[in-house]
Structures are given as C-alpha cells and as structure tokens.
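Participant: This is the structure, below, for whatever I ask next.
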Amino acid sequence: MDKTRLNYFRDKLLKEKNKVNQIINQIESNGTVNSNVEMSSELSHYDNHGADAAGNLFNIQRDMALKDNEVTILSKIDNALKSIESGEYGNCKICKKPIPQGRLEFIPYAEHCVHCQNSINDSVPDDINNRPSEERVLGLPFRYGFNDNTSLVEFDGEDSYQAVARFNAMDNVYDEDYDDDNYYVDHMDLISNEQYKNQLPD
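According to the working numbering, the stretch in the sequence shown is residues 1 to 202, in order.
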C-alpha cells in the first residue's frame with residue numbers, strides 16, 4: 001500500500017478512535033455502569049422492589065456490554081495504527097494476503113480478509129452449544145433425566161413426575177385455580193347494571 005493510502009487510513013482510524021472514545025465517555029457519564037456504587041451505598045435494600053433491582057441490574061449489564069464492545073473496537077484501532085507504523089497494515093494476519101480496499105473503507109481496523117474472517121466465524125460454536133456452563137447441571141422440566149439420552153422407555157423423567165403427582169390428587173381442586181371472580185377487584189363489581197336497577201324501589 002502506498003504512502004498516500006496509508007495516511008488516508010491513519011486519518012480515518014484516528015477519527016474512528018475519537019468517535020469511540022466519545023461513545024465510551026457518554027456511556028460512563030449517562031449510563032448506569034457506575035451506578036452500582038450508589039445502590040450499594042444505601043443503608044437498606046428492604047424497601048426496594050425485586051423487579052426494580054432486577055431492572056437496574058439489567059441496565060448495568062447492558063451498559064457494561066456496550067462499553068466492552070467499544071473498548072474492543074478501540075483496541076483493534078490501536079493495533080491497526082501500530083501496524084501502519086510497522087508497515088503491515090492492510091494484510092491479513094492469517095493468510096498474509098492484501099485485504100480488499102472496500103473492506104478497509106468499511107472497517108478500517110479489519111485484521112483479516114473476508115475468507116479468513118468467515119473461517120473464524122464458522123469455527124465458533126452455535127448458540128445452542130455456546131451456553132453458560134451452569135446450564136449443564138440445571139436441566140429442564142421433563143428433559144435430561146437420568147436415562148433420557150438412551151432408547152429406554154421404561155421409566156423416565158416425565159414418568160417420575162407423574163408417579164409423584166398421583167399422591168397429590170384431590171377431588172374438586174384444579175391446578176389452574178380457575179375462578180370466575182378472578183377478574184374482579186371488588187365483590188361489588190360482580191353486580192351488573194341490570195341487577196342494580198332491579199333492586200331499586202319503584
């Protein structure tokens with residue numbers, strides 16, 4: 001790559017770096033990344049609703065993820081600026097072939113060509129296999145019993161639940177807890193306008 005193009009991409013990377021730094025500063029000043037300090041400084045969390053605390057935790061985790069993403073991009077930009085100084089900018093780190101100019105225009109901090117990047121992406125396991133490790137021991141209802149992975153149909157996780165549920169059978173009691181009064185706040189709401197008019201004196 002000639003010197004003019006290198007200077008062009010250096011300026012482009014520096015502008016991108018300033019933009020990313022501004023985003024990080026906005027996340028830190030407007031976001032909830034550091035609000036955990038305020039939450040933990042309260043004397044008591046007794047009066048805080050659980051859903052509010054969960055919402056606050058979600059906002060903190062979201063902002064942390066957004067900030068981490070920008071920090072990762074910032075690191076790639078710094079690496080690209082170093083590669084300009086060393087004369088390696090614009091070449092794929094795996095196959096050493098030149099990265100197309102169109103790709104560098106769109107992602108100036110790209111480290112790999114499209115082919116090698118696709119190979120990297122394909123080597124990452126799917127989401128179904130890329131789950132948190134604690135989910136391996138939790139299991140799901142009616143699945144992952146002690147012999148669900150075998151072809152045995154004698155007695156599995158679902159059968160064990162049904163066997164236990166038989167001992168809890170009660171007449172005239174339903175699990176759905178259906179009641180016609182469920183949709184009314186007050187017993188007075190059950191009285192219709194017609195019933196009210198019928199009880200009025202003539």
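Idealized CB from N, CA, C, for every residue including glycine.
Where do the N-terminal and C-terminal ends of the alpha helix (DSSP H) with residue 92 fall, by residue?
Facilitator: No alpha helix (DSSP H) holds residue 92; DSSP gives it neither H nor E.
Participant: Leaving aside the five residues before and after residue 59 along the sequence, list all residues of the same chain whose C-beta is less than 6 Å from its C-beta, in chain order.
Facilitator: 32
Participant: By the DSSP assignment, the alpha helix (DSSP H) with residue 67 in it spans what residues?
Facilitator: Run containing residue 67: 50-86, per the alpha helix (DSSP H) assignment.
Participant: Would you say the beta carbon of residue 6 is closer than 6 Å to some non-hydrogen atom of the ligand GDP?
Facilitator: Absence of the ligand GDP from the depicted structure is noted, as is the absence of any ligand whatsoever, leaving it without description.
Participant: Roughly how many whole angstroms lie between the Cα atoms of residue 202 and residue 192?
Facilitator: 18 Å
Participant: When you compare the stretch 9-17 with the stretch 59-72, are there three or more beta-carbon pairs, one atom per stretch, that lie closer than 8 Å?
Facilitator: no
Participant: Check this for me: beta carbons of residue 70 and residue 24, under 7 Å apart or not?
Facilitator: yes
Participant: To the nearest whole angstrom, what separates the beta carbons of residue 207 and residue 77, a pair I think is in contact under 8 Å?
Facilitator: In the structure displayed, the chain extends from 1 to 202; residue 207 sits before or after that span and is not available.
Participant: Can you grab the Cα-Cα spacing for the pair residue 118 / residue 56, in whole Å?
Facilitator: 37 Å
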